[in-house]
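The structure appears below as structure tokens.
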């Protein structure tokens with residue numbers, strides 16, 4: 002396999018609503034920024050991988066073809082990837098394979114998502130209809146009619162984890178929310194920069210036991226893009242390549258009732274293990290400088306500390322209590338604000354996380370810059386109770 | 171738009187999409203007032219829907235038993251003996267065709283949560299319980315929502331039994347679970 006570098010990055014702001022842009026116009030903004038960052042035009046792109054999650058969100062089946070058309074990449078090969086919340090991570094994994102295999106030298110990996118075009122007329126807001134659109138990804142025969150949501154699936158897992166290990170507690174979850182909202186105040190693209198207290202989070206309205214309002218990420222519209230290149234091309238294009246040194250992925254049983262248990266996310270553990278093996282990482286807590294984890298919910302960020310082997314199984318709550326994952330801690334998690342602070346533009350999220358880590362490795366993250374960042378982790382999760390996980394290890398030279 | 175055109179617009183959209191006129195007025199009054207600049211984003215109603223005559227394939231008997239006989243069936247692998255409910259036509263470990271076996275319709279809660287926010291389709295039912303139930307005789311979990319009078323009486327391990335609805339349609343919602351006193 003050939004070495005693969007990130008040679009260009011670009012993202013739109015993550016916002017609750019981009020009423021002034023369609024999904025393909027949003028994609029255009031991110032693609033243009035990534036090409037400008039790489040210093041190349043669209044003619045240098047050999048192929049594209051698009052991460053777009055929900056066709057209802059776009060009000061369009063096969064939206065990838067319309068993005069490709071709008072970007073003027075007609076006649077170049079492309080493929081669309083969809084793996085729920087992990088769509089962005091999966092798109093990166095496929096883009097990596099396109100270049101590593103030697104099939105193509107330069108690959109545009111772009112994620113884009115609308116959502117708030119869905120609208121519930123009765124309540125006068127988008128959310129219930131957005132949730133209805135998402136519920137079409139639950140098993141239509143057995144799970145969809147139960148009226149569960151993405152949040153209630155993950156809530157079941159967090160409660161099962163607490164039942165077994167005694168954590169995450171309400172307070173530990175609230176601390177994650179405070180951290181991620183605060184981190185977002187230093188991120189110019191973030192949707193939800195906020196200065197909250199643990200008390201604010203714990204007193205916010207209940208969404209699904211044990212998650213309160215501020216324990217959840219919000220739905221977001223946005224687009225993020227990276228340009229991947231082979232080592233030979235990367236050396237010609239840029240003097241600040243970010244290397245993808247580890248890629249790991251796993252897909253669990255989508256019907257969680259068919260799994261041995263629901264208190265741990267086995268797909269995440271396997272994805273992290275594979276990525277670390279490939280990157281030669283033995284002790285992630287010591288060898289990683291930052292991590293962007295899939296914090297769709299505070300409780301699942303805490304589970305992710307364990308699944309990414311930052312601590313022993315069942316010990317996740319301790320890491321937030323001890324400040325290990327704070328910006329000044331041993332391994333800062335979600336300096337971007339994560340999904341909770343920066344936002345969750347589903348197909349774009351994993352690519353936004355990658356953008357964030359690349360920024361730090363290039364020393365361009367402004368006031369939230371992690372000092373001397375050499376190596377970072379991206380974790381992208383999707384599907385019912387973590388069906389898909391993709392982990393990427395990114396590194397800079399020297 | 172003049173007043174008459176606006177009223178016609180509301181009537182047309184209401185009949186096309188099944189959205190009550192007061193809701194349409196709330197959402198579009200400003201847009202139709204004529205005060206919005208020509209270059210501002212324009213939002214319009216739309217809806218995506220498809221009708222089905224869906225086949226349950228190899229799981230058909232499960233749903234016919236619910237509808238006709240008020241009985242819950244599991245699917246048993248003849249090789250490993252594992253019983254699936256929800257049923258599967260094939261064992262995903264042994265790759266063998268499963269066989270139908272009737273279950274008692276009793277079981278226990280393995281995990282549960284209380285939902286306060288949910289989709290448009292279920293919003294009037296909140297708060298409700300969403301749970302994984304392991305039916306007696308099954309080796310796997312079934313996702314369900316539950317009607318309960320007192321949420322505080324539910325816990326992991328609570329015994330439940332299936333209650334069938336009077337009118338059944340051959341869908342998973344032909345029954346629901348109630349806690350056993």
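Protein chains in written order, with the numbering used here: chain Z, 2 to 399; chain L, 171 to 351.
By construction, the Cβ of each residue, glycine as well, lies at the ideal position given by its N, Cα and C atoms.
Predicted model only: the values in this text are computed from it and were never measured.
Residue nearest to residue i in terms of C-alpha spacing, selected from the options
| i | options | result |
| --- | --- | --- |
| residue 91 of chain Z | Z:361, Z:373 and Z:347 | Z:347 |
| residue 211 of chain Z | Z:204, Z:156 and Z:226 | Z:156 |
| residue 333 of chain Z | Z:353, Z:306, Z:314 and Z:356 | Z:306 |
| residue 207 of chain L | Z:21, Z:35 and Z:388 | Z:21 |
| residue 279 of chain L | L:313, L:261 and L:285 | L:313 |
| residue 345 of chain Z | Z:56, Z:83, Z:192 and Z:121 | Z:192 |
| residue 311 of chain L | L:298, L:281 and L:325 | L:281 |
| residue 44 of chain Z | Z:124, Z:383, Z:75 and Z:309 | Z:75 |
| residue 398 of chain Z | Z:378, Z:362 and Z:83 | Z:362 |
| residue 189 of chain L | Z:182, Z:194, Z:294 and Z:120 | Z:120 |
| residue 330 of chain Z | Z:315, Z:371 and Z:316 | Z:371 |
| residue 47 of chain Z | Z:37, Z:96, Z:64 and Z:27 | Z:96 |
| residue 287 of chain L | Z:118, Z:127 and Z:116 | Z:127 |
| residue 391 of chain Z | Z:247, Z:29 and Z:61 | Z:247 |
| residue 381 of chain Z | Z:290, Z:94 and Z:200 | Z:94 |
| residue 249 of chain L | L:203, L:223, L:294 and L:263 | L:263 |
| residue 71 of chain Z | Z:25, Z:379 and Z:39 | Z:25 |
| residue 254 of chain L | L:334, L:343 and L:303 | L:303 |
| residue 251 of chain L | L:330, L:309 and L:339 | L:309 |
| residue 356 of chain Z | Z:308, Z:292 and Z:3 | Z:292 |
| residue 173 of chain L | L:197, L:294 and L:202 | L:202 |
| residue 291 of chain L | Z:137, Z:374 and Z:181 | Z:137 |
| residue 376 of chain Z | Z:354, Z:364, Z:360 and Z:290 | Z:290 |
| residue 238 of chain Z | Z:42, Z:118, Z:214 and Z:73 | Z:42 |
| residue 79 of chain Z | Z:359, Z:68, Z:350 and Z:181 | Z:68 |
| residue 209 of chain Z | L:330, L:297 and L:346 | L:297 |
According to DSSP, residues forming a beta bridge with residue i
| i | result |
| --- | --- |
| residue 270 of chain L | L:245 |
| residue 331 of chain L | L:276 and L:348 |
| residue 293 of chain Z | Z:379 |
| residue 260 of chain L | L:267 |
| residue 250 of chain Z | Z:391 |
| residue 186 of chain L | In the DSSP output, where bridge partners are listed per residue, residue 186 of chain L has none listed. |
| residue 298 of chain Z | Z:217 |
| residue 1 of chain Z | The question about residue 1 of chain Z has no answer, for chain Z in this structure spans 2 to 399. |
| residue 1 of chain Z | Lying before the first or after the last residue shown, residue 1 of chain Z is absent from chain Z, which here runs from 2 to 399. |
Outcome for residue i when other beta-carbon atoms lying within 10 angstroms are tallied against a minimum of 16
| i | result |
| --- | --- |
| residue 206 of chain Z | exposed |
| residue 210 of chain L | exposed |
| residue 217 of chain L | exposed |
| residue 217 of chain Z | buried |
| residue 239 of chain L | exposed |
| residue 165 of chain Z | exposed |
| residue 257 of chain Z | buried |
| residue 57 of chain Z | buried |
| residue 171 of chain L | exposed |
| residue 223 of chain L | exposed |
| residue 219 of chain L | exposed |
Between the CA atoms of residue j and residue i - distance to the nearest angstrom
| i | j | result |
| --- | --- | --- |
| residue 198 of chain Z | residue 324 of chain Z | 16 Å |
| residue 328 of chain L | residue 168 of chain Z | 22 Å |
| residue 11 of chain Z | residue 105 of chain Z | 21 Å |
| residue 53 of chain Z | residue 387 of chain Z | 18 Å |
| residue 200 of chain L | residue 213 of chain L | 11 Å |
| residue 221 of chain L | residue 394 of chain Z | 45 Å |
| residue 336 of chain Z | residue 332 of chain L | 48 Å |
| residue 288 of chain Z | residue 275 of chain Z | 15 Å |
| residue 265 of chain L | residue 314 of chain Z | 33 Å |
| residue 30 of chain Z | residue 37 of chain Z | 11 Å |
| residue 369 of chain L | residue 337 of chain L | The question about residue 369 of chain L has no answer here: the residues shown for chain L are numbered 171 through 351. |
| residue 249 of chain Z | residue 35 of chain Z | 24 Å |
| residue 220 of chain Z | residue 17 of chain Z | 6 Å |
| residue 3 of chain Z | residue 338 of chain Z | 33 Å |
| residue 124 of chain Z | residue 15 of chain Z | 24 Å |
| residue 356 of chain L | residue 270 of chain Z | As shown, chain L starts at 171 and ends at 351. That puts residue 356 of chain L outside it, with no answer to give. |
| residue 277 of chain L | residue 226 of chain L | 25 Å |
Cβ contact (3+ pairs, closer than 8 Å) linking the region 282-301 of chain Z and the region 167-187 of chain Z | Result yes; three or more Cβ-Cβ pairs closer than 8 Å.
Evaluate the contact criterion for the region 268-284 of chain Z versus the region 139-156 of chain Z: three or more CB pairs, one atom per stretch, below 8 Å.
-> The region 268-284 of chain Z vs the region 139-156 of chain Z: no contact.
Taking one C-beta from the region 257-272 of chain L and one from the region 237-248 of chain L each time, how about it: are there three or more such pairs within less than 8 Å?
-> With the cut-off at 8 Å, the region 257-272 of chain L and the region 237-248 of chain L touch.
Counting Cβ pairs closer than 8 Å, one from the region 224-238 of chain Z and one from the region 105-120 of chain Z, do we hit at least three?
-> A contact exists between the region 224-238 of chain Z and the region 105-120 of chain Z.
Do three or more CB pairs link the region 228-244 of chain Z to the region 124-143 of chain Z at distances below 8 Å?
-> Proximity of the region 228-244 of chain Z to the region 124-143 of chain Z falls short of the contact definition, fewer than three beta-carbon pairs being nearer than 8 Å.
Answer yes if the region 78-85 of chain Z comes into contact with the region 48-64 of chain Z, meaning at least three C-beta pairs across the two stretches below 8 Å, and no otherwise.
-> With three or more CB-CB distances shorter than 8 Å, the region 48-64 of chain Z counts as touching the region 78-85 of chain Z.
Tell me, please, whether the region 180-191 of chain Z touches the region 251-266 of chain Z by the rule of three or more beta-carbon pairs shorter than 8 Å.
-> Too few Cβ pairs lie closer than 8 Å, so no.
Can you find at least 3 beta carbon pairs, one from the region 239-251 of chain Z and one from the region 316-325 of chain L, that sit closer than 8 Å?
-> The region 239-251 of chain Z, when compared against the region 316-325 of chain L, does not touch it at the 8 Å Cβ threshold.
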